[in-house]
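Count the sequence shown with the numbering used here and you get residues 101 to 392, in order.
Where a beta carbon is used, it is the ideal one built from N, C-alpha and C, also for glycine.
Below: one structure, written as structure tokens.
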Amino acid sequence: MEEAAHVAHELRVKRDQRARMGRLLKHLFLISVSIVMLYPLLWLLASSLKPENDIFGSLTLWPTEFQWHNYVDGWHGLPVSFTTFYINSTIVTVLSVIGNLISCSFAAYAFARLQFTGRTFLFGLMMMTLMIPYHVVLIPQYVQFLRLGWVDTYLPLVVPRFLASDAFFIFLMVQFFRQLPRELDEAAMIDGCSPFKIYWAIILPLSLPALGTAAIFSLIWTWEDFLAPLIYLNDIKSYTVPLALRLFLDQEGQSSYGQMFAMSVLSLVPVVIAFIMFQKLIVRGIATSGMK
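Right under this line is the structure:
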């Protein structure tokens with residue numbers, strides 16, 4: 101009996117050692133992958149503090165001399181202050197987020213909770229738009245907005261958001277709305293609520309995770325969008341932050357890489373703050389929407 105207990109103890113010790121070694125190797129692997137993924141961000145932060153000659157001439161992350169004035173020079177180094185660009189991006193982003201939440205939740209409510217002719221066909225048609233590259237409709241959209249006189253304004257960037265143009269957010273909300281009990285709608289209809297009243301008083305308050313996820317994704321994608329503002333905005337005073345960063349690159353003269361990297365770091369601050377503050381809401385919204 102003692103020998104059997106001793107053997108069992110040794111097997112238990114070896115099993116625990118293998119488990120600890122497995123956890124150690126797993127954490128070392130995850131740390132290594134995290135370092136590889138964070139290296140571009142660390143390089144960007146280090147380059148924003150380096151002299152111009154050391155940015156591409158040195159492989160070390162630690163600057164030989166900290167150039168803190170890159171942030172001040174970058175903020176005031178363009179014909180228009182970066183404050184204007186931040187205000188422009190904020191306006192476009194806030195309006196886009198509001199438009200997406202209102203229009204996409206309306207469309208998702210109709211697809212998920214209402215019965216009407218052609219609902220399945222229209223929902224499938226909407227889902228097909230997810231597979232159409234943006235570049236396919238780029239020229240027709242530009243011609244349409246040009247005829248409307250909207251070029252060089254924020255209207256092409258904002259108005260489509262109020263027309264449920266983002267099928268991804270509609271699908272996200274549809275998946276969440278379908279999980280809500282139908283008995284809630286039936287009880288509200290018995291009490292005399294209209295479909296809009298059910299949507300506003302019952303569905304929306306219960307759908308905060310999905311709405312929060314859509315808001316965060318919409319904020320990140322709109323704030324970082326470069327192509328659409330590049331096409332529709334011509335006046336430098338109406339440029340957004342991504343367009344302003346391009347102004348630091350001069351193909352004929354000397355490019356201000358230090359200032360550009362410094363402003364790039366500052367341009368990431370709103371996105372990083374939003375992600376850190378609402379990362380739990382993002383995970384909860386995706387998990388409860390059936391997108392696994």
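{"Item": "How should I303 be labelled, buried or exposed, when 16 other C-beta atoms within 10 angstroms of its C-beta is the threshold for buried?", "Value": "buried"}
{"Item": "Considering only the beta carbon of each residue, do L272 and A314 sit closer than 8 Å?", "Value": "yes"}
{"Item": "Would you decide whether Q379 is buried or exposed? Buried here means 16 or more other CB atoms lie within 10 Å of its CB.", "Value": "exposed"}
{"Item": "Considering only residues of the same chain and omitting the five flanking positions on each side of W323, which have a CB-CB separation below 7 Å?", "Value": "S189, T193, P370 and V371"}
{"Item": "Rank P163, L125, P179 and G157 by C-alpha distance to the C-alpha of F348 and give the top, closest one.", "Value": "P179"}
{"Item": "Roughly how many whole angstroms lie between the Cα atoms of I290 and F211?", "Value": "22 Å"}
{"Item": "Hey, is M231's beta-carbon within less than 8 Å of any beta-carbon in chain E?", "Value": "Among the chains of the structure shown, chain E does not appear; only one protein chain is present."}
{"Item": "Taking all protein chains shown into account, decide if Y209 is buried (16 or more other Cβ within 10 angstroms of its Cβ) or exposed.", "Value": "buried"}
{"Item": "Give the DSSP-derived three-state secondary structure of L333 in the structure shown.", "Value": "coil"}
{"Item": "In chain order, what residues of the same chain have a beta carbon less than 7 Å from the beta carbon of G390, not counting five sequence neighbours either side?", "Value": "Confidence at G390 is low in this model, with a pLDDT of 47, below 50, so its placement is unreliable and no value can be given for it."}
{"Item": "In angstroms with no decimal places, state the Cα-to-Cα distance between P305 and V172.", "Value": "44 Å"}
{"Item": "Cα separation between S338 and E286?", "Value": "49 Å"}
{"Item": "Classify L225: buried if its beta carbon has 16 or more other beta carbons within 10 angstroms, exposed otherwise.", "Value": "exposed"}
{"Item": "Let's see if you can read the secondary structure: which residues bound the alpha helix (DSSP H) around M227?", "Value": "R219 to M228"}
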